[in-house]
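First comes the structure, then the notes that go with it.
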Amino acid sequence: MSTLTAGGGSSSGTGPRRGNSSIDGPSIQRQSARYGERLVMGFLISSAGLSVIVTVGIVVALLVPALEFFREVSVWDFLFGTRWAPTFANSDFGVLPLITGTFWTTVIGLALAVPVGLGTAVYLAEYARPRVRKTFKPALEVLAGIPSVVYGYFALAFVAPVVLNNLLSLEVGTYSVLAAGLVLGIMIIPTIASLSEDALTAVPQDLRQGSLALGANRMRTTLRVVFPAAISGIAASIVLGLSRAVGETMIVALAAGTQARMVDSPTSNGQTMTGFIAQTATGESTPGTLTYNTLFAVGLLLFVITLIINIISIRLVQRFREAY
Amino acid sequence: MSLFSTRTATPQTGPTMAPTPDSAAPSEPAGTGQNRPRPDPLADQRHKLADKPVPVIDCENVDIYYSDFRAVSDVTMVFGVNEITALIGPSGCGKSTVLRSLNRMNDLIPGARVTGCISYHEQDIYGPDVDPIEVRRRIGMVFQKPNPFPKSIYANIAYGPKVIGMDVKNMDDIVEEALTRAALWDEVKDKLKQSAYGLSGGQQQRLCIARTIAVQPEVILMDEPCSALDPIATARIEDLMDELREEYTIIIVTHNMQQAARVADRTAFFTARPSEDTGDRTGQLVEYDATRKMFSNPGDQRTEDYISGRFG
Amino acid sequence: MATIGAVATAPLRAGRAGERSGTSIGFLVALWAALAFALVCLATLLVTAFIDGYPRLDGALFTRYSSRVIPETAGARAAILGSMMVIVTTALMAIPLGVAAAVYLEEFADPRRWFNKLIEVNLQNLAAVPAIVYGMLTAGFALTVGLPRRVVLSGAIALALLILPVIIITTREALRSVPAEIRQGSLALGATPLQTVWRQTLPSALPGVATGTILALSRALGEAAPLLLLGGLVFVTYDPNGLMSGFTTLPIQIFSWTGQPQVEFRQVASAAIIVLLGLLLVMNALAIVIRNRYQRHW
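If you read the sequences in order, they're chains D, Z and A. So that you can map any letter, position 188 of the first sequence is 187 in numbering that gives the first Met the number 0, and since no number is skipped, the others follow by simple counting. So that you can map any letter, position 147 of the second sequence is 146 in numbering that gives the first Met the number 0, and since no number is skipped, the others follow by simple counting. So that you can map any letter, position 78 of the third sequence is 77 in numbering that gives the first Met the number 0, and since no number is skipped, the others follow by simple counting.
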């Protein structure tokens, strides 16, 4: 029992003794080995290291079948051939058609997403009253949270037949890179908008006030002062949007087409790298076969392309963070 | 009869323990503004200051570095048991650095290292076999800004004994004792389960002191404990320090000279000296003596200048 | 050349360079149009799915299995159960690993050491890798260790790896927001760093961690690409009955039905979309409620 004694009584529990001799001091050596804590720390460190293992795993998982693939198909033929017909009797493994498919959908997507995304960001950051911002930012977050397969459905069931064929009177088939690209663009609007908005709001008020004090109107201030100041963050957002567009699977698998061809116009159909992977994977793919290895060769190419894009984006984000 | 049962919420009632450090000279130390009531003779004898402090923490030629920057140079001093020692000096003179080194809280700053010897009861606290956790259990710390945990008042006090594995027969008793010793029990005894954030600043700081007391340390370090508090709360904490001296050793950093004169038995004056090569300011100990002597008849001119307000 | 006197005495009308100028107004209209466009897209998408799918929101959707030939009575029962089972398994794997990694990186790792910097960059990279690549990783991994590809466990592994970087990043931010004084107060009492994290820092950061985790799981719920590579999931007509059972999920089922030529399959696909969006709405609402009610503002 602990006591409410005045000073000088003995203390309860385990505590240091009070004494006048300095030799009586309690030990401050390590009391227990604390094995339990060491185990937990081991778990924590392994979890952190797991992320590195994952990256290594991705590279290995892609390389092993891809190297098998390149034993049968030369790298040159793969990268520069213009006919992609891996499952045909008279097979060809030139990946350029898939690259054109990815290229067209991505370009169309960015052509839509960049102006709309930046416009939305500028409006929300520079012009909108706080209440407007509070209402519409969640709407953007909802847009960002919609699964890509739902966007794919939207492209196939609505954009292609209703918007393109009826409203705009374009002659497109069921599948087209235009339909897929437009919806791809809609999907990455929130990515560009929210990151650009962060970049714009991070620009200090003094810059705006300096410009306004000189007599410039808000448009000039925004375009000539704020926008350039936020350019790293805005560039990072566009590059990130690009990365997402290149890597997106469901929309293009459903709406762009299933026949690989050298795409030369927006209204034609085509197949993207990701679309090919999705289509082949849903068929029966047995490990060890050429078809399986082809999958991974395309996957490797996809990974390398997005890796380069991501590295650029990370550098841009670092510069944006350093600026303020 | 327990001393503490006479404590009530208001300060300076009943027989108070005046914080004048020694009983010999009748005159007030120079520089103190407030007139405290004269202590009774019995209290005077209890607080007779020994000539030499009985060591509990001993610093010998201590230098403290942050990477290559020498923040504090060549400190040699002895902290006495059951005394209140104040570290004073202008800002940037390293007094907080010294304080944090005494319980190895400085370890948390990357690049911090200590050369020389800081020993606790003749054990080097930076020795190879020494566990900083054990050091901190013996030498506790109260911070400048009160930092209660986002839990109930009860849980704040109970946290320490629980995590250090103290042998606890009845946690309620421990909580009550700690809060009583920190002069907070009467104010919070009906709301132990409420959040600590509902208390005022002064109450929160006393809660932090109670929390520290609950793990039964021998030494309590206080880093400018009153600088975030109003004068009334400050006075309460100073009274509390005076009571705590019976059981614990207290080392306090303060930038308020009057506070040092009011509460401390001994005072150490630090200053910052620009180093010749880099221009960075390195802290050093100028003078360390009984507070009475420091304030009335300091040995070093720099101490005299600081105390009389010529710089600081 | 206007002299200073002339400019100063000119009337302060809204001029050509002011806020009312043609280009300024045009600019503002363009910005509104951008925002309106985004909102119209969102509204159209939701309305389309709802109108198409509403007629098929019947009991059959929830109780019957898919069919290759009769879309009118096809149901998403296998998909709904499969989604739930996979998400729970994913959560059980990803949350402990993600929180543990975040705790280590934020509380214990010295940020100046090179391998910690490597881990940081690595995480940012992994967060942007295409989802389908995670499927390829899992397929390769499953092959190497002899795990079957088409089972719940493999699917959960793929999704857990996908959302692990996100969980780590959001947990770190939540931990960062806990003030240093709390940690210092705990350490000064003689608690070990691990005790401090477990008893003070992590509980204080819990609302932020919960919000981030729920949002990451809701993303996993909607993903189909990583699971496609595990093969053969698009036509499953039984309930999943364990970690080693075959399965399908809502997004995959939607993908499969949407790709069918018959219009009726599109219809049941949009009904399944409504169910999926409903589940996501519940999860996101939960995350927002947690954030608003429990988030501590230090």
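Idealized CB from N, CA, C, for every residue including glycine. Computed from a predicted structure; not experimentally measured.
Residue 274(A) and residue 264(A) have their C-alpha atoms roughly 15 Å apart.
Here residue 59(Z) carries a strand assignment [DSSP, helix/strand/coil]. By the Cβ neighbour-count rule, residue 50(A) is exposed, with fewer than 16 other Cβ atoms within 10 Å of its own. Taking a C-beta distance under 9 Å as the contact criterion, residue 285(Z) and residue 56(Z) do not qualify as a contact pair. Per DSSP, residue 302(Z) is one residue of the alpha helix (DSSP H) stretching across 300-306.
Neighbours of residue 104(A) in chain D, taken as residues at a C-beta separation under 8 Å, are given in chain order as 47.
Listed along the chain, the chain Z residues whose CB falls inside 9 Å of the CB of residue 109(A) are 109. Excluding the 5 residues flanking it on each side, residue 272(A) has same chain C-beta neighbours closer than 7 Å at 48, 52 and 253, in chain order. Counting other Cβ atoms within 10 Å of its Cβ, residue 110(Z) stays below 16 and is therefore classed as exposed. The CB of residue 138(D) comes closer than 8 Å to the CB of 37, 38 and 41 in chain A, given here in chain order. Membership of residue 286(Z) in any alpha helix (DSSP H) is not indicated; the residue belongs instead to the beta strand (DSSP E) covering 280-289.
Checking the DSSP bridge columns, you'll see residue 99(A) has no partner listed. For the options 131(D), 252(D), 189(D) and 151(D), the alpha carbon positioned closest to that of residue 269(A) is the one of 151(D). Across the structure, residue 289(Z) and residue 67(Z) are spaced so that their CA atoms are roughly 34 Å apart. Between residue 265(Z) and residue 127(Z) the beta-carbon gap is near 31 Å, outside 8 Å, which marks them as no contact.
C-alpha of residue 155(Z) to C-alpha of residue 107(A): approximately 24 Å in a straight line.
Non-local beta-carbon contacts of residue 127(D) in its own chain, meaning distances under 8 Å to residues more than five positions away in sequence, involve 135 in chain order. For the region 300-317 of chain D, the set of positions with a beta-carbon nearer than 9 Å to some beta-carbon of chain A reads 301, 302, 305, 306, 308, 309, 310, 312, 313 and 316 in chain order.
The Cβ atoms of residue 207(A) and residue 176(A) lie closer than 9 Å to each other. The alpha carbon of residue 283(Z) has as its nearest neighbour, out of 113(Z), 62(Z) and 146(Z), the alpha carbon of 62(Z).
Here the alpha carbon of residue 135(A) sits roughly 31 Å from the alpha carbon of residue 70(A).
Within the same chain, Cβ atoms closer than 8 Å to the Cβ of residue 283(A) are found at 213, 214 and 217, the five residues on either side in sequence being excluded. If you ignore the 5 residues before and after residue 65(D), its C-beta comes within less than 6 Å of the C-beta of 295, 296 and 299, all in its own chain and listed in chain order.
With respect to chain D, the C-beta atom of residue 262(Z) has no partner C-beta closer than 9 Å. For residue 28(D), the chain Z residues whose C-beta falls within less than 9 Å of its own C-beta are 122, 126, 128, 129, 130 and 133, listed in chain order. Counting only runs of 4 or more residues that sit fully inside the region 139-173 of chain Z, the alpha helix (DSSP H) segments are 152-162, in chain order. Not flagged as an interface residue toward chain D: residue 169(A), since no C-beta distance is shorter than 9 Å. At the C-beta level, residue 221(A) and residue 235(A) stay beyond 9 Å of one another. Pairwise C-beta distances place the region 170-186 of chain Z out of contact with the region 114-124 of chain Z, as fewer than three of them are shorter than 8 Å. DSSP places residue 108(A) outside both helix and strand once states are collapsed to three, so it counts as coil.
Residue 79(Z): member of the beta strand (DSSP E) spanning 68-79, first to last residue. Sorting 287(Z), 160(Z), 81(Z) and 70(Z) by C-alpha distance to the C-alpha of residue 220(Z) places 81(Z) at the top. In this model, residue 93(Z) and residue 268(Z) are separated by some 11 Å (Cα to Cα).
Only buried fits residue 95(Z), as 16 or more other CB atoms lie within 10 angstroms of its CB. Straight across, the Cα-Cα distance linking residue 204(D) with residue 24(A) is about 23 Å. Setting aside the 5 residues that flank it on each side, residue 255(A) is surrounded in the same chain by 233, each with a C-beta closer than 6 Å to its C-beta; the list follows chain order.
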